[in-house]
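Q: Quick note on this note's numbering: the sequence shown kicks off at 4 and runs consecutively. Even glycine gets a Cβ: it sits at the ideal position worked out from N, Cα and C. Given the structure is predicted, the values throughout are model-derived calculations rather than measurements. Here's a structure for you.
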Amino acid sequence: MSSMDKKMIVRQFADLLPTMKRLPFITDDEMLELYGAEVLETVAKLDKFGREQELCENCRDRCCALVKCELYLLEFGQCPVFELRPPICRLHYCHKFFPQDDTDLKELSDVFFDGLLLSQSRGDQRVDLFDSPPLARCAPGFIQSVMPVIEAVKEKQVTPGEAIEKIRQQAEKFRMLQL
Ligand code: SF4
Ligand code: SF4
4 MSSMDKKMIV RQFADLLPTM KRLPFITDDE MLELYGAEVL ETVAKLDKFG
54 REQELCENCR DRCCALVKCE LYLLEFGQCP VFELRPPICR LHYCHKFFPQ
104 DDTDLKELSD VFFDGLLLSQ SRGDQRVDLF DSPPLARCAP GFIQSVMPVI
154 EAVKEKQVTP GEAIEKIRQQ AEKFRMLQL
């Protein structure tokens, strides 16, 4: 991303944010709409590197646990709302992804924060939805509906696969209710 492109990406983000009614959950298509192809190409490149190096699979200091995400459970083995995970989950990469050159990290960080700053300066209240996970503040009803399922997995009353399906359905329902 060049600095000119970044300015355009940030402006596009702030222009489109008011149309994003279903945050904090977001789809791949909505991410593309909001941030544009250039950002998602960088994300795809980093994801590929992470998969090749098995960074997240073998990670013992999961960032999901560090941010106290209510959906994080070792038994799940993956994000239960992977296809709908919030923007910060999609744009955050830890130092393990940048063994030599952290240019991509800085650029992703710039577009993320500059976009939010511009939106904030326009009075867009949606910027608060980007400070999530944890999800309870932005989606209290959703968290209330899925906590019993997560507790049931811990008690081994429900399999992780069944719980993931239920959580995913609740996230879809939450998104539908935002319209
Ligand atoms: S981004 Fe880094 S801290 Fe987070 S799960 Fe992957 S390797 Fe672990
Ligand atoms: S919503 Fe984000 S923080 Fe929570 S489990 Fe999924 S990827 Fe991790």
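(1) Please list, in chain order, all residues with a C-beta atom less than 6 Å from at least one heavy atom of ligand 3.
(2) Across the region 111-122 and the region 17-29, are there enough close Cβ pairs to call them in contact, namely three or more that are closer than 8 Å?
(3) Is R171 near ligand 2 - that is, is its Cβ less than 6 Å away from at least one heavy atom of it?
(4) Check for me: the alpha helix (DSSP H) holding V156 runs from which residue to which?
(5) Between which two residues does the alpha helix (DSSP H) carrying C92 extend?
(6) CA-CA distance, K71 and R93?
(7) Got a sec: does ligand 2 put a non-hydrogen atom nearer than 6 Å to the Cβ of C82?
(8) Any idea what DSSP makes of R140, helix, strand or coil?
(9) Could you tell me if the beta carbon of P136 falls within a distance shorter than 6 Å of some heavy atom in ligand 2?
(10) Assuming the contact rule is C-beta atoms closer than 8 Å, F100 and L58 should be a hit. Round their C-beta distance to whole Å, please.
(11) Please determine whether the Cβ atom of L77 lies at a distance below 6 Å from any heavy atom of ligand 2.
A: On the basis of the supplied data:
(1) This structure lacks ligand 3; the ligands present are ligand 1 and ligand 2.
(2) yes
(3) False, no ligand heavy atom lies under 6 Å from that Cβ.
(4) P143 to K157
(5) P90 to L94
(6) 16 Å
(7) yes
(8) coil
(9) yes
(10) The C-beta distance from F100 to L58 rounds to 7 Å, short enough to fall under 8 Å.
(11) Taken from the Cβ of L77, every heavy atom of ligand 2 lies 6 Å or farther away.
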